[in-house]
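Residue numbers (the UniProt record's numbering): 1 to 356.
No residue lacks a Cβ here, since even glycine has one placed at the ideal position from N, Cα and C.
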(Lines of atoms letter the chains of each structure in order from A; the text may use other names.)
(Lines give C-alpha, C1' and ligand atoms only; values in the text may rest on other atoms or scores of the structure.)
Protein backbone atom coordinates (compact mmCIF):
# COMPACT_ATOMS: atom_id res chain seq x y z
CA UNK A 1 0.00 0.00 0.00
CA UNK A 2 1.35 3.41 -0.99
CA UNK A 3 1.10 6.02 1.77
CA UNK A 4 1.90 9.68 1.18
CA UNK A 5 2.51 11.79 4.28
CA UNK A 6 1.73 15.48 3.74
CA UNK A 7 3.52 16.71 6.85
CA UNK A 8 3.60 20.31 7.97
CA UNK A 9 7.33 20.41 8.66
CA UNK A 10 10.56 18.63 7.94
CA UNK A 11 12.11 16.55 10.70
CA UNK A 12 13.20 19.69 12.54
CA UNK A 13 9.55 20.36 13.36
CA UNK A 14 8.60 18.49 16.52
CA UNK A 15 4.96 17.88 15.59
CA UNK A 16 5.87 16.28 12.25
CA UNK A 17 8.74 14.30 13.69
CA UNK A 18 6.63 12.89 16.52
CA UNK A 19 3.14 12.59 15.06
CA UNK A 20 4.08 11.05 11.71
CA UNK A 21 7.74 10.49 10.93
CA UNK A 22 8.64 8.34 13.90
CA UNK A 23 6.04 5.77 12.75
CA UNK A 24 7.60 5.40 9.29
CA UNK A 25 9.93 2.46 10.15
CA UNK A 26 7.02 0.48 11.61
CA UNK A 27 4.79 1.32 8.66
CA UNK A 28 7.45 0.17 6.20
CA UNK A 29 7.93 -3.04 8.16
CA UNK A 30 4.17 -3.60 7.93
CA UNK A 31 4.35 -3.37 4.15
CA UNK A 32 3.55 0.29 3.51
CA UNK A 33 5.46 2.14 0.81
CA UNK A 34 5.92 5.56 2.41
CA UNK A 35 6.68 8.94 0.87
CA UNK A 36 7.14 12.00 3.10
CA UNK A 37 6.27 15.40 1.62
CA UNK A 38 6.78 18.29 4.09
CA UNK A 39 5.24 21.71 3.46
CA UNK A 40 7.88 23.73 5.35
CA UNK A 41 11.60 22.93 5.36
CA UNK A 42 14.29 23.41 8.02
CA UNK A 43 15.05 26.94 6.79
CA UNK A 44 11.50 28.05 7.58
CA UNK A 45 11.73 26.85 11.17
CA UNK A 46 15.16 28.39 11.63
CA UNK A 47 13.79 31.72 10.42
CA UNK A 48 10.66 31.36 12.56
CA UNK A 49 12.58 30.80 15.78
CA UNK A 50 14.87 33.70 14.87
CA UNK A 51 11.95 36.06 14.26
CA UNK A 52 12.66 36.37 10.53
CA UNK A 53 10.20 36.08 7.63
CA UNK A 54 10.94 35.31 3.98
CA UNK A 55 7.88 35.99 1.81
CA UNK A 56 9.42 34.71 -1.42
CA UNK A 57 10.37 31.43 0.21
CA UNK A 58 6.84 31.06 1.59
CA UNK A 59 5.38 31.41 -1.91
CA UNK A 60 7.71 28.63 -2.96
CA UNK A 61 6.32 26.35 -0.27
CA UNK A 62 2.80 26.69 -1.68
CA UNK A 63 4.02 25.94 -5.20
CA UNK A 64 5.88 22.89 -3.95
CA UNK A 65 2.79 21.60 -2.14
CA UNK A 66 0.86 21.73 -5.44
CA UNK A 67 3.54 19.53 -6.99
CA UNK A 68 3.44 17.18 -4.01
CA UNK A 69 -0.32 16.76 -4.35
CA UNK A 70 0.02 15.90 -8.03
CA UNK A 71 2.49 13.17 -7.11
CA UNK A 72 0.18 11.99 -4.32
CA UNK A 73 -2.39 10.90 -6.91
CA UNK A 74 -0.43 7.64 -7.11
CA UNK A 75 -0.94 6.96 -3.40
CA UNK A 76 -3.54 4.63 -1.91
CA UNK A 77 -3.85 6.68 1.27
CA UNK A 78 -2.87 10.18 2.42
CA UNK A 79 -1.82 11.11 5.93
CA UNK A 80 -2.24 14.86 6.35
CA UNK A 81 -0.83 16.77 9.29
CA UNK A 82 -3.44 19.41 10.19
CA UNK A 83 -4.10 20.77 6.67
CA UNK A 84 -2.53 20.63 3.25
CA UNK A 85 -2.42 24.40 2.64
CA UNK A 86 -2.02 26.64 5.70
CA UNK A 87 -4.00 29.90 5.51
CA UNK A 88 -5.76 28.84 2.31
CA UNK A 89 -9.54 28.33 2.05
CA UNK A 90 -10.93 24.81 2.13
CA UNK A 91 -12.19 25.12 -1.47
CA UNK A 92 -8.62 25.64 -2.70
CA UNK A 93 -7.24 22.86 -0.53
CA UNK A 94 -9.99 20.50 -1.66
CA UNK A 95 -9.18 21.32 -5.28
CA UNK A 96 -5.52 20.32 -5.01
CA UNK A 97 -6.00 17.13 -2.98
CA UNK A 98 -6.03 14.06 -5.24
CA UNK A 99 -9.58 12.91 -5.87
CA UNK A 100 -10.43 9.35 -4.99
CA UNK A 101 -7.58 9.01 -2.49
CA UNK A 102 -8.87 8.73 1.10
CA UNK A 103 -7.06 10.70 3.75
CA UNK A 104 -6.36 10.51 7.45
CA UNK A 105 -5.83 13.89 9.10
CA UNK A 106 -3.95 14.31 12.37
CA UNK A 107 -4.19 17.01 15.05
CA UNK A 108 -1.93 17.46 18.04
CA UNK A 109 -3.03 21.00 18.86
CA UNK A 110 -6.02 23.28 18.42
CA UNK A 111 -4.94 24.67 15.06
CA UNK A 112 -8.57 25.52 14.28
CA UNK A 113 -8.38 28.33 16.84
CA UNK A 114 -5.75 30.02 14.71
CA UNK A 115 -8.62 30.72 12.34
CA UNK A 116 -11.89 30.76 14.30
CA UNK A 117 -10.45 33.03 17.01
CA UNK A 118 -8.38 35.25 14.73
CA UNK A 119 -8.78 38.98 15.50
CA UNK A 120 -9.43 39.72 11.82
CA UNK A 121 -13.10 39.23 10.95
CA UNK A 122 -12.26 38.39 7.33
CA UNK A 123 -9.98 35.55 8.42
CA UNK A 124 -12.69 34.22 10.71
CA UNK A 125 -15.23 34.39 7.89
CA UNK A 126 -13.03 32.72 5.26
CA UNK A 127 -11.18 30.17 7.39
CA UNK A 128 -13.08 29.84 10.65
CA UNK A 129 -14.69 26.52 9.67
CA UNK A 130 -11.92 25.29 7.38
CA UNK A 131 -10.49 22.71 9.77
CA UNK A 132 -14.00 21.42 10.46
CA UNK A 133 -14.45 20.82 6.73
CA UNK A 134 -11.16 18.93 6.56
CA UNK A 135 -12.22 16.79 9.52
CA UNK A 136 -15.63 16.09 7.99
CA UNK A 137 -14.07 14.96 4.71
CA UNK A 138 -11.51 12.64 6.27
CA UNK A 139 -11.74 8.86 6.28
CA UNK A 140 -10.41 9.15 9.83
CA UNK A 141 -9.30 11.91 12.19
CA UNK A 142 -6.55 11.10 14.68
CA UNK A 143 -6.65 13.42 17.69
CA UNK A 144 -4.09 13.78 20.43
CA UNK A 145 -6.53 14.51 23.25
CA UNK A 146 -10.20 14.74 24.23
CA UNK A 147 -10.50 18.44 23.31
CA UNK A 148 -9.41 17.79 19.73
CA UNK A 149 -11.47 14.61 19.54
CA UNK A 150 -14.61 16.48 20.59
CA UNK A 151 -14.02 19.12 17.91
CA UNK A 152 -13.67 16.42 15.25
CA UNK A 153 -16.95 14.75 16.21
CA UNK A 154 -18.70 18.13 16.32
CA UNK A 155 -17.33 18.90 12.84
CA UNK A 156 -19.04 15.80 11.45
CA UNK A 157 -16.08 13.42 11.19
CA UNK A 158 -17.13 9.86 10.34
CA UNK A 159 -14.35 8.26 12.38
CA UNK A 160 -12.16 9.68 15.15
CA UNK A 161 -9.39 7.88 17.03
CA UNK A 162 -7.45 9.14 20.06
CA UNK A 163 -3.71 8.83 19.42
CA UNK A 164 -1.37 10.38 22.02
CA UNK A 165 2.01 11.82 21.19
CA UNK A 166 4.52 9.14 22.15
CA UNK A 167 8.23 8.63 22.77
CA UNK A 168 10.63 5.95 21.56
CA UNK A 169 11.77 3.90 24.56
CA UNK A 170 14.97 3.04 22.71
CA UNK A 171 15.89 6.74 22.96
CA UNK A 172 14.26 7.66 26.26
CA UNK A 173 15.50 5.76 29.29
CA UNK A 174 16.26 6.28 32.95
CA UNK A 175 19.86 7.39 33.34
CA UNK A 176 22.10 6.34 36.23
CA UNK A 177 22.13 8.78 39.17
CA UNK A 178 24.17 11.90 38.50
CA UNK A 179 27.63 12.14 39.98
CA UNK A 180 27.03 15.82 40.90
CA UNK A 181 23.78 15.73 42.90
CA UNK A 182 24.78 18.61 45.17
CA UNK A 183 22.88 21.19 43.11
CA UNK A 184 19.42 20.05 42.04
CA UNK A 185 17.84 21.13 38.76
CA UNK A 186 14.29 22.08 37.93
CA UNK A 187 13.99 21.68 34.16
CA UNK A 188 11.85 22.73 31.24
CA UNK A 189 12.12 22.03 27.50
CA UNK A 190 10.33 23.85 24.69
CA UNK A 191 10.55 26.63 22.13
CA UNK A 192 11.35 30.33 22.49
CA UNK A 193 7.66 31.14 22.08
CA UNK A 194 6.42 28.79 24.79
CA UNK A 195 9.17 29.93 27.14
CA UNK A 196 8.05 33.52 26.91
CA UNK A 197 4.37 32.68 27.22
CA UNK A 198 4.32 30.18 30.06
CA UNK A 199 7.63 28.99 31.50
CA UNK A 200 9.31 32.35 32.14
CA UNK A 201 6.57 33.59 34.52
CA UNK A 202 6.74 30.32 36.47
CA UNK A 203 10.52 30.57 36.72
CA UNK A 204 10.09 34.06 38.18
CA UNK A 205 7.74 32.72 40.88
CA UNK A 206 10.17 29.91 41.72
CA UNK A 207 13.30 32.02 42.21
CA UNK A 208 13.00 32.20 46.04
CA UNK A 209 12.46 28.43 46.22
CA UNK A 210 15.47 27.79 44.01
CA UNK A 211 17.64 30.05 46.15
CA UNK A 212 16.48 28.41 49.38
CA UNK A 213 17.28 24.93 48.07
CA UNK A 214 20.46 25.96 46.22
CA UNK A 215 18.87 24.66 43.03
CA UNK A 216 19.01 25.86 39.43
CA UNK A 217 16.46 26.24 36.66
CA UNK A 218 17.57 24.63 33.39
CA UNK A 219 15.66 25.89 30.33
CA UNK A 220 16.23 23.95 27.11
CA UNK A 221 15.20 25.76 23.94
CA UNK A 222 14.72 29.23 25.40
CA UNK A 223 18.08 30.55 24.23
CA UNK A 224 16.86 32.80 21.43
CA UNK A 225 14.68 35.03 23.60
CA UNK A 226 15.49 34.45 27.26
CA UNK A 227 17.60 36.88 29.21
CA UNK A 228 19.93 35.76 31.94
CA UNK A 229 18.46 35.38 35.40
CA UNK A 230 19.37 34.33 38.88
CA UNK A 231 19.93 30.56 38.98
CA UNK A 232 18.81 30.27 35.35
CA UNK A 233 20.78 28.13 32.91
CA UNK A 234 19.82 28.30 29.24
CA UNK A 235 20.79 25.74 26.61
CA UNK A 236 19.79 25.58 22.95
CA UNK A 237 17.69 22.64 21.85
CA UNK A 238 19.25 19.93 19.68
CA UNK A 239 17.46 16.72 18.78
CA UNK A 240 20.54 14.61 19.36
CA UNK A 241 20.99 16.03 22.87
CA UNK A 242 17.42 16.43 24.13
CA UNK A 243 17.26 13.10 25.99
CA UNK A 244 20.54 13.72 27.81
CA UNK A 245 19.38 17.25 28.60
CA UNK A 246 16.17 15.96 30.18
CA UNK A 247 18.06 13.28 32.09
CA UNK A 248 19.96 16.12 33.77
CA UNK A 249 16.70 17.32 35.37
CA UNK A 250 15.64 16.37 38.89
CA UNK A 251 12.13 17.77 38.31
CA UNK A 252 10.41 18.46 34.98
CA UNK A 253 7.75 21.15 34.70
CA UNK A 254 5.02 22.08 32.23
CA UNK A 255 3.24 25.31 33.19
CA UNK A 256 0.44 26.48 30.91
CA UNK A 257 -2.06 29.33 30.88
CA UNK A 258 -5.68 28.23 30.65
CA UNK A 259 -7.04 29.15 27.23
CA UNK A 260 -8.60 27.36 24.25
CA UNK A 261 -5.23 26.92 22.55
CA UNK A 262 -3.50 25.26 25.51
CA UNK A 263 -6.47 22.95 26.09
CA UNK A 264 -5.54 21.41 22.75
CA UNK A 265 -1.96 20.62 23.79
CA UNK A 266 -0.97 16.96 24.08
CA UNK A 267 1.38 17.07 27.08
CA UNK A 268 4.47 15.91 25.23
CA UNK A 269 6.90 17.58 27.62
CA UNK A 270 5.42 15.58 30.48
CA UNK A 271 5.75 12.35 28.53
CA UNK A 272 9.39 13.13 27.76
CA UNK A 273 10.17 13.82 31.41
CA UNK A 274 8.33 10.75 32.67
CA UNK A 275 10.03 8.50 30.11
CA UNK A 276 13.35 9.49 31.68
CA UNK A 277 12.08 8.72 35.18
CA UNK A 278 11.74 12.40 36.13
CA UNK A 279 8.90 13.47 38.47
CA UNK A 280 6.70 16.17 36.98
CA UNK A 281 4.72 19.25 37.95
CA UNK A 282 2.14 20.62 35.54
CA UNK A 283 -0.74 23.01 35.24
CA UNK A 284 -4.09 21.14 35.40
CA UNK A 285 -5.00 22.10 31.84
CA UNK A 286 -6.38 19.76 29.19
CA UNK A 287 -4.65 16.42 28.78
CA UNK A 288 -2.21 17.23 31.60
CA UNK A 289 -4.90 16.07 34.03
CA UNK A 290 -4.89 12.65 32.35
CA UNK A 291 -1.12 12.24 32.10
CA UNK A 292 -0.28 13.43 35.61
CA UNK A 293 -1.69 11.27 38.39
CA UNK A 294 -1.55 13.81 41.20
CA UNK A 295 0.56 12.49 44.06
CA UNK A 296 1.58 9.38 42.10
CA UNK A 297 3.86 10.40 39.23
CA UNK A 298 3.89 14.12 39.95
CA UNK A 299 1.82 17.10 41.04
CA UNK A 300 -0.74 19.38 39.45
CA UNK A 301 -0.32 23.04 40.40
CA UNK A 302 -2.56 26.00 39.60
CA UNK A 303 -1.42 28.97 41.69
CA UNK A 304 2.09 30.36 42.25
CA UNK A 305 1.91 29.08 45.83
CA UNK A 306 1.00 25.58 44.67
CA UNK A 307 3.92 25.64 42.25
CA UNK A 308 6.31 26.73 44.97
CA UNK A 309 4.98 24.11 47.40
CA UNK A 310 5.28 21.28 44.86
CA UNK A 311 8.81 22.23 43.83
CA UNK A 312 9.87 22.67 47.47
CA UNK A 313 8.52 19.25 48.39
CA UNK A 314 10.22 17.43 45.53
CA UNK A 315 13.54 19.21 46.00
CA UNK A 316 13.54 18.24 49.67
CA UNK A 317 12.59 14.57 49.26
CA UNK A 318 14.84 12.41 47.04
CA UNK A 319 12.84 9.26 47.82
CA UNK A 320 9.67 10.95 46.61
CA UNK A 321 11.40 12.04 43.41
CA UNK A 322 12.56 8.49 42.80
CA UNK A 323 9.15 6.95 43.52
CA UNK A 324 7.23 9.40 41.35
CA UNK A 325 9.80 9.10 38.57
CA UNK A 326 9.44 5.31 38.52
CA UNK A 327 5.65 5.59 38.40
CA UNK A 328 5.86 8.01 35.50
CA UNK A 329 8.22 5.78 33.56
CA UNK A 330 5.88 2.80 34.01
CA UNK A 331 2.96 4.87 32.74
CA UNK A 332 4.85 5.89 29.61
CA UNK A 333 5.87 2.32 28.82
CA UNK A 334 2.23 1.23 28.91
CA UNK A 335 0.37 4.20 27.44
CA UNK A 336 2.68 6.70 25.76
CA UNK A 337 5.45 4.80 23.98
CA UNK A 338 6.18 4.20 20.30
CA UNK A 339 6.54 0.53 21.13
CA UNK A 340 2.99 0.41 22.50
CA UNK A 341 1.47 2.36 19.60
CA UNK A 342 3.30 1.35 16.40
CA UNK A 343 1.28 -1.79 15.79
CA UNK A 344 -1.96 0.05 16.59
CA UNK A 345 -1.18 2.74 14.03
CA UNK A 346 -0.39 0.19 11.32
CA UNK A 347 -3.63 -1.68 11.99
CA UNK A 348 -5.58 1.60 12.06
CA UNK A 349 -4.27 2.59 8.64
CA UNK A 350 -5.02 -0.83 7.19
CA UNK A 351 -8.53 -0.61 8.62
CA UNK A 352 -9.11 2.87 7.21
CA UNK A 353 -8.00 1.83 3.73
CA UNK A 354 -10.13 -1.31 3.75
CA UNK A 355 -13.28 0.61 4.68
CA UNK A 356 -12.74 3.87 2.77
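| Query | Result |
| --- | --- |
| Looking at C-alpha atoms only, which residue of 232, 220, 282, 263 is the closest neighbour of residue 243? | 220 |
| If I follow the unbroken alpha helix (DSSP H) through residue 61, where does it start and stop? | 55 to 71 |
| Do you know offhand how far residue 136's Cα is from residue 343's? | 26 Å |
| For residue 91, decide whether its Cβ has a neighbour in chain C, counting only Cβ atoms nearer than 8 Å. | Within the model displayed, chain C is absent; a lone protein chain is all it includes. |
| Sorted by chain position, which residues of the same chain lie with C-beta nearer than 8 Å to residue 168's C-beta, five sequence neighbours on each side aside? | 22, 337, 338, 339 |
| Flag this pair as yes or no: are the beta carbons of residue 95 and residue 263 separated by less than 8 Å? | no |
| Using the C-alpha atoms, what's the distance from residue 158 back to residue 256? | 32 Å |
| Along the chain, where does the beta strand (DSSP E) that runs through residue 235 open and close? | 232 to 235 |
| Let me make sure I understand the geometry here. Which of 218, 84, 275 has the alpha-carbon closest to that of residue 170? | 275 |
| Does residue 311 come out as helix, strand or coil in the three-state DSSP assignment? | helix |
| Within its chain, find whatever has a CB closer than 8 Å to the CB of residue 197; leave out the 5 residues flanking it on each side and keep chain order. | 257 |
| The beta strand (DSSP E) spanning residue 79 covers which residue range? | 77 to 81 |
| Below 8 Å, how does it come out for the segment 80 to 89 and the segment 55 to 72: are there three or more Cβ pairs, yes or no? | yes |
| Going by DSSP, what residues sit across from residue 142 in a beta bridge? | 106, 161 |
| Can you name the start and end residues of the alpha helix (DSSP H) that residue 349 belongs to? | 338 to 355 |
| On the CB-based measure, 16 or more other CB atoms within 10 Å of its CB, does residue 121 come out buried or exposed? | exposed |
| So, for residue 144: in the same chain, excluding its five sequence neighbours on each side, which residues have a beta-carbon less than 7 Å away from its beta-carbon? | 107, 108, 163, 164, 165, 266 |
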